[in-house]
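For what it's worth, the working numbering labels the leading residue of the sequence shown as 13, then goes sequentially.
Shown next, in structure tokens, is the structure this report addresses.
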Amino acid sequence: MPERRVTLDEEQLTRIEACLQKLLIMSKGVAGLFADMKGQTLGQVGSLDERDGLALSTLAAGSFAATVAMARVLGQSGTFKQASFEGHEHSVYSLVVDDEFLLTIAFGSNTRLGLVRLLAREATEKLLNVLREAREQAVEQSVEDLIDAEFGESLADELDALLPS
13 MPERRVTLDE EQLTRIEACL QKLLIMSKGV AGLFADMKGQ TLGQVGSLDE
63 RDGLALSTLA AGSFAATVAM ARVLGQSGTF KQASFEGHEH SVYSLVVDDE
113 FLLTIAFGSN TRLGLVRLLA REATEKLLNV LREAREQAVE QSVEDLIDAE
163 FGESLADELD ALLPS
């Protein structure tokens with residue numbers, strides 16, 4: 013699927029981080045991340061510093077890139093939609109959002125994966141609303157830009173007709 017560019021404004025980024033924060037609190041997580049499929053972090057909450065958050069986002073994106081090859085081997089098109097990695101002290105759960113983004117949460121061994129999956133799905137709905145809004149704003153802006161450009165050209169043509177050189 014071709015990548016659809018999304019531009020998020022400050023208010024939308026704040027809403028993404030609030031969504032991540034709620035997910036982190038409800039799941040007793042260590043870190044919550046929202047990133048594109050290349051690992052570029054768009055939102056991060058929790059105890060990881062920015063560098064480690066970027067590293068975790070990039071590694072999660074890389075693991076999903078590998079799932080494309082795994083899916084192909086199994087005769088499936090596309091990628092898997094979720095992945096989890098369980099450790100002794102911490103686990104990581106990642107979920108594809110809108111085919112272009114990853115929601116990743118790191119959590120302790122005292123939190124059940126099923127709870128994290130449920131909470132992540134709920135968070136995904138909120139994230140989808142933010143993305144939908146951002147895309148609608150982009151379309152509206154494109155239409156306004158097109159109208160402004162056409163108006164400018166039309167005005168220039170009319171002025172040229174009224175004021176011959």
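We put the beta carbon where it would ideally sit given N, CA and C, even for glycine.
| Asked | Found |
| --- | --- |
| Going by CA-CA distance only, name the one from 21, 74, 132 and 37 that's closest to residue 59. | 37 |
| Roughly how many whole angstroms lie between the Cα atoms of residue 62 and residue 44? | 12 Å |
| Counting Cβ pairs, one atom from each stretch, are 3 or more of them under 8 Å apart for the stretch 70-82 and the stretch 123-138? | no |
| Expressed to the nearest angstrom, what Euclidean distance is found between the alpha-carbon atoms of residue 53 and residue 116? | 10 Å |
| Whole angstroms are fine: how far does the CA of residue 69 sit from the CA of residue 118? | 11 Å |
| How should residue 46 be labelled, buried or exposed, when 16 other C-beta atoms within 10 angstroms of its C-beta is the threshold for buried? | buried |
| Would residue 225 pass as a contact of residue 104 if the rule is Cβ separation under 7 Å? | Any answer about residue 225 is impossible in this case: the structure gives the chain only from 13 up to 177. |
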